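Next up, the structure:
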């Protein structure tokens, strides 16, 4: 895995905007390093951020980790050495980066975050990242519950 920035591949982008994800109840193990499109340190960082939140699942799509709500919705992903995105709908705040999310992702509430930013006076970066992932998990939970209610009304 080279340290230069990796642009979001079309397979990963399409995966993130799909609406028909199957449940992801387990944590897929790391694939062979040669197939990764994400620095192993960033894969580990995303896992450390996401694992304590609810019961997330993980899949690798185009060599990149994607964190899912257990009932299917993707909530976070990473690529390259320094790109992480979370579907929190929150402002990036202290984790802001100059690279905006792709328009298709931005309109669905995805925000690009700095996974290696400096700790702030009030919080560690990992805690700020975890707050975004926690919010994304809650949003996915709410959307899934609304979808079940709508199906029950039919």
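In the working numbering, the protein residues as written are 161 to 314. Quick reminder that beta carbons are idealized off the backbone N, C-alpha and C, glycines included. Since this is a predicted model, take the numbers as computed values, not measurements.
In the structure shown, residue 228 adopts extended strand secondary structure according to DSSP, grouped into three states. Counting only runs of at least 4 residues, the segment 225-269 fully encloses the following alpha helix (DSSP H) elements, listed from N- to C-terminal order: 263-266.
Sorting 225, 230, 223 and 209 by C-alpha distance to the C-alpha of residue 303 places 230 at the top. By the beta-carbon neighbour count (other beta carbons within 10 angstroms, threshold 16), residue 243 is buried. When the Cα atoms are used, residue 280 and residue 171 turn out to be separated by approximately 35 angstroms. Counting of Cβ neighbours within 10 angstroms places residue 180 among the exposed residues, the total staying below 16. A contact between stretches requires three or more CB pairs, one per stretch, nearer than 8 angstroms, and the segment 261-271 fails this requirement with the segment 197-213. Annotation for residue 223: 195, 196 and 197 place their beta carbon closer than 6 angstroms to its own, counting only its chain and skipping 5 residues before and after.
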